[in-house]
Ligand code: GLY
Ligand code: MN
């Protein structure tokens, strides 16, 4: 955990933003995989972690702004638990580490909330994404589980987003430490991949390396020769000469901040001429997007800029045609680049998305587009100093999408469909870095992870 003062000042700032009411934070519980005593690895709720720092199951916490009280609700482990788990820190000591003096048992949460209800305090809580938490909230606050998310506090959501979006130096250090391990994983994977091996043989070793550094993957790693499947989860393909691996993922730092990196590299150590051409376009989109990033710049504009770089590059290769600006305005590039340029990064790998993507990425001044491709941009707002974002353009040849667009002659004035036949089995290439928005621009936090063709080829040959 950080020092108690950090959590205390985060809560203090939240109180100042909300001014009045009762704020309820629901921590996560352990979730059984197949029988009650066999649970998935525990992941704490990110907002709970941000304000209270404690990464263990079975906790809730309340800030009573009107009466200036902070209370941690949870149960101490019993001797029966300790037989199986070994000695556990008493909850009052854990609470002390986050600067909280008042600890109550879980069974006291319901009467506490009922009592506050009688006093007519507004109850603020965040939207919930786990069914067990919906049920816990129903039990504690008497709100039917189907109605819990409609009743979530928008003012709390906005306040939490404002606070969590801007990373302190300590938080950025955590992300940097996650990136150190991520870099080792990518190095290992580039060096180890060889034609004839299965994907799982390499990603298994890379994840093992992270585990040996006491870091766990922040989401299921993408490691695939089928790069045109944007979030392909399988690792069962056999790599062969000429394949490109798309490797995408990151790890959690000791205090659960994440990294999220993508590199695309040739299994056999050398890109083909065509692969090289596509790679250079994606690299240019990635680098010029990072160049453009800075405080006050709309992330949507950076996305559109990357789309123009991709369009121009594909035109030079003869795959697209027509006026670049018109083509991007119409969304023709989305055949090749159907996802958004990036997302915030922090305690969640898609940071803050547990609070609702549109609350995080859009506001009164900028609304999400409904155009195919641009509609997948998770974040369109202006960047602010202290934000950490991913920049992850890509070019993909998705056979089903190409066939579907072609059959409708969609954007035929901008796309040379007949040239695409040669690319139907190409796969995809994505390059993702993590950046910190600074006073005057952006710092790329992941420059140490090779992405120039010569460096990639050297590592993977
Ligand atoms: N880097 C993959 C994703 O952000 O979804
Ligand atoms: Mn990402």
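In the numbering used here, the protein residues as written are 1 to 461.
Where a beta carbon is used, it is the ideal one built from N, C-alpha and C, also for glycine.
Cα-Cα, which of 212, 210, 239, 211 is closest to residue 223? Here residue 223 refers to the residue found at position 223 of the chain shown. The residue among 212, 210, 239, 211 with its C-alpha nearest the C-alpha of residue 223 is 239.
Anticipated Cβ contact below 8 Å, residue 252 with residue 178, distance rounded: Residue numbering aside, residue 252 sits at position 252 when the chain shown is read from its first letter. Residue numbering aside, residue 178 sits at position 178 when the chain shown is read from its first letter. Indeed, because the Cβ distance is near 6 Å, the residues count as touching under 8 Å.
Provide the residue span of the beta strand (DSSP E) that contains residue 104, from first to last. Taking the first residue of the chain shown as position 1, residue 104 is located at position 104. Start and end: 102–104.
Give the straight-line distance between the Cα atoms of residue 99 and residue 166, rounded to the nearest whole angstrom. Against the chain shown, residue 99 aligns to sequence position 99. Against the chain shown, residue 166 aligns to sequence position 166. Between the alpha carbons of residue 99 and residue 166 lies a gap of roughly 22 Å.
Is residue 180 helix, strand or coil when you go by DSSP? Along the chain shown, read from residue 1 onward, the residue named residue 180 stands at position 180. For residue 180, the secondary structure class from DSSP, reduced to helix, strand or coil, is helix.
Taking the beta strand (DSSP E) that residue 443 belongs to, which residues open and close that run? Indexing the chain shown from 1 puts residue 443 at position 443. Note, residue 443: beta strand (DSSP E), 442–444.
When we look at the beta-carbon of residue 115 and count the other beta-carbons within 10 Å, is it buried (16 or more) or exposed? Counted from its first residue, the chain shown places residue 115 at position 115. With a threshold of 16 other beta carbon atoms within 10 Å, residue 115 falls short and is exposed.
Hey, would you say the C-beta of residue 390 is under 7 Å away from at least one heavy atom of the ligand GLY? One-based indexing of the chain shown puts residue 390 at position 390. Because some heavy atom of the ligand GLY lies under 7 Å away, the Cβ of residue 390 counts as near it: yes.
Excluding the 5 residues preceding and the 5 following residue 205 in the sequence, name in chain order all residues of the same chain whose CB lies nearer than 7 Å to its CB. Taking the first residue of the chain shown as 1, we reach residue 205 at position 205. Once the five neighbours on either side are set aside, the close Cβ partners of residue 205 are 188, 192.
Just to check, is the beta-carbon of residue 434 closer than 7 Å to a non-hydrogen atom of the ligand GLY? Counting from one through the chain shown, the residue named residue 434 turns up at place 434. No, the ligand GLY has no heavy atom inside 7 Å of this Cβ.
Quick one: is the Cβ of residue 333 within less than 7 Å of any heavy atom of the ligand GLY? On the chain shown, residue 333 is found 333 positions in, with the first residue counted as 1. Not under cutoff, so the answer is no.
From the DSSP output, in three-state form, read off residue 462 for me. Coverage of the chain is limited to positions 1 through 461, which leaves residue 462 absent and any answer about it impossible.
DSSP state of residue 360 mapped onto helix, strand, coil: Position 360 of the chain shown, counted from the first residue, corresponds to residue 360. The three-state reading of DSSP puts residue 360 in helix, counting H, G and I together.
Residue 458: buried (16+ other C-beta within 10 angstroms of its C-beta) or exposed? Here residue 458 refers to the residue found at position 458 when the chain shown is read from its first residue. It counts as exposed.
Could you check if residue 64 is buried or exposed, using at least 16 other CB atoms within 10 Å of its CB as the buried criterion? Mapped onto the chain shown, residue 64 falls at position 64. Answer is buried; the Cβ neighbour count reaches 16.
DSSP three-state call for residue 453: helix, strand or coil? Translated into the one-based positions of the chain shown, residue 453 becomes position 453. In the structure shown, the three-state DSSP call for residue 453 is helix.
Rounded C-alpha distance that separates residue 22 from residue 158: Looking up residue 22 in the chain shown gives position 22. Looking up residue 158 in the chain shown gives position 158. The C-alpha of residue 158 is placed about 16 Å away from the C-alpha of residue 22.
Check the DSSP bridge columns for residue 124 and list the partner residues they point to. As a first step, residue 124 is located in the chain shown; it is residue number 124 there, counting from the start. In the DSSP assignment, residue 124 forms a beta bridge with 23.
Below 8 Å, can you find three or more Cβ-Cβ pairs linking the stretch 432–440 to the stretch 290–299? With the cut-off at 8 Å, the stretch 432–440 and the stretch 290–299 touch.
Three-state secondary structure (DSSP) of residue 141: Along the chain shown, read from residue 1 onward, the residue named residue 141 stands at position 141. Assigned with DSSP and collapsed to three states, residue 141 falls in helix.
CA-to-CA distance, residue 134 to residue 146, given in whole angstroms: Within the chain shown, the letter at position 146 stands for residue 146. Within the chain shown, the letter at position 134 stands for residue 134. Residue 146 and residue 134: Cα-Cα distance of roughly 8 Å.
Report the residue from 332, 315, 320 whose alpha carbon sits nearest the alpha carbon of residue 304. Within the chain shown, the letter at position 304 stands for residue 304. If we check each option's Cα against that of residue 304, 332 comes out closest.
Identified DSSP bridge partners for residue 64: Stepping through the chain shown from its first residue, residue 64 is reached at position 64. Partner(s): 22, 69.
Check whether the Cβ of residue 303 sits closer than 7 Å to any heavy atom of the ligand MN, and report yes or no. By one-based count along the chain shown, residue 303 stands at place 303. Every heavy atom of the ligand MN is 7 Å or more from the Cβ of residue 303, so no.
Any heavy atom of the ligand GLY within a distance shorter than 7 Å of the CB on residue 262? The count along the chain shown starts at 1 and reaches residue 262 at position 262. The answer is yes for residue 262.
Can you give the beta carbon distance from residue 97 to residue 26, rounded, assuming they're within the 8 Å contact cut? Here the question's residue 97 lines up with position 97 in the chain shown. Here the question's residue 26 lines up with position 26 in the chain shown. The beta-carbon separation of residue 97 and residue 26, rounded to 20 Å, does not stay under the 8 Å limit for a contact.
Does the separation of the CB atoms of residue 381 and residue 362 fall below 8 Å? Start at 1 with the first residue of the chain shown, and residue 381 comes out as number 381. Start at 1 with the first residue of the chain shown, and residue 362 comes out as number 362. Taking 8 Å as the Cβ cut-off, residue 381 and residue 362 qualify as a contacting pair.
Could you give the distance in angstroms between the alpha-carbon of residue 350 and the alpha-carbon of residue 256? Taking the chain shown and counting its residues from 1, one reaches residue 350 at position 350. Taking the chain shown and counting its residues from 1, one reaches residue 256 at position 256. Their Cα atoms are separated by approximately 13 Å.
Any non-hydrogen atom of the ligand MN closer than 7 Å to residue 343 Cβ: As a working note, residue 343 is residue 343 in the chain shown. True, at least one ligand heavy atom lies under 7 Å from that Cβ.
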